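Undergrad:
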């Protein structure tokens, strides 16, 4: 399979930003805590990115090393395509908590989008060796970045971890199938999808409509599993 074609049709999926849980604000002063809450609300609800950034700036002026504020501002900067600034915040967040999957994803994705593929690969390797995050979604996203920077073994590893942490997490199964497809392992990719279809937590319509996975719909095993849908 032509790799550039595969990556080109799949790029929209990888840059999706997951919803994040409210930050743990600890001992922040009430006015600073209020700013952080409002920044998170603006970010999660798709309101004003600039409002979210301004409020995160206020929090970080008061608490320069608040990890959740750093990650929030990095998320916003990434969405604003201010990749170099997002890199700085994400790097500091990983220094403060080397086990945080979200921080490593922002760091790797910002580096990739800024064109610094070496830094993206370094961030992915660090993430693979350090993160303990139980959130399967961040492992899926890290796998996506690894796929784009041609680190297919890491992409497979992150996707496998995501599936182990979320055995019925559909995105993890779809991502592992994408990695197998890119590796030319069509039978393995079909097996992943057939298993999820049999367990009824994957959607045949999604497979047919996904820019990458629809290449598998004529695989004999998958076609049989989708025959009744």
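Numbering (the numbering used here), first residue to last: 50 to 278. Beta carbons are placed, not taken as given, at the ideal position from N, Cα and C, and that holds for glycine. Computed from a predicted model, the values in this text were never measured in an experiment.
Along the chain, where does the alpha helix (DSSP H) containing residue 217 start, and where does it finish?
TA: No alpha helix (DSSP H) holds residue 217; DSSP gives it neither H nor E.
Undergrad: If you draw a straight line from the C-alpha of residue 193 to the C-alpha of residue 161, how long is it?
TA: Spanning the two alpha carbons is a distance of roughly 11 Å.
Undergrad: Using C-beta distances below 7 Å, list every residue in its chain close to residue 268, excluding the 5 sequence neighbours before and after it, in chain order.
TA: So the qualifying residues of the chain are 235 and 239.
Undergrad: Is residue 236 a contact residue of the ligand NAP, with contact defined as CB to any heavy atom under 8 Å?
TA: Only the bare structure without any ligand can be found here, which leaves the ligand NAP out of the picture.
Undergrad: By DSSP, does residue 106 sit in helix, in strand, or in coil?
TA: Three-state result, residue 106: helix.
Undergrad: For the alpha helix (DSSP H) that contains residue 82, what are its first and last residues?
TA: Residue 82 -> alpha helix (DSSP H) spans 79-93.
Undergrad: So the alpha helix (DSSP H) residue 156 belongs to, where does it begin and stop?
TA: Here the alpha helix (DSSP H) through residue 156 covers 150-163.
Undergrad: Label residue 102 either buried or exposed according to how many other C-beta atoms from any shown protein chain fall within 10 Å of its C-beta, with 16 as the threshold for buried.
TA: Flag for residue 102 reads buried.
Undergrad: CA-CA distance, residue 62 and residue 263?
TA: With a pLDDT of only 37 at residue 62, under 50, the local geometry of the prediction cannot be trusted, and the value read off the model is given with reservation. If you take the alpha carbons of residue 62 and residue 263, they lie about 14 Å apart.
Undergrad: Measuring alpha carbon to alpha carbon, tell me which residue in 136, 167, 165 and 166 is nearest residue 153.
TA: For the residues 136, 167, 165 and 166, the minimum Cα distance to residue 153 belongs to 136.
Undergrad: Have a look at residue 168 and residue 189 and give me their C-alpha separation to the nearest angstrom.
TA: Distance between the alpha carbons of residue 168 and residue 189 is about 19 Å.
Undergrad: Measure the C-alpha to C-alpha separation of residue 139 and residue 270 and round it to an integer number of angstroms.
TA: Their Cα atoms are separated by approximately 43 Å.
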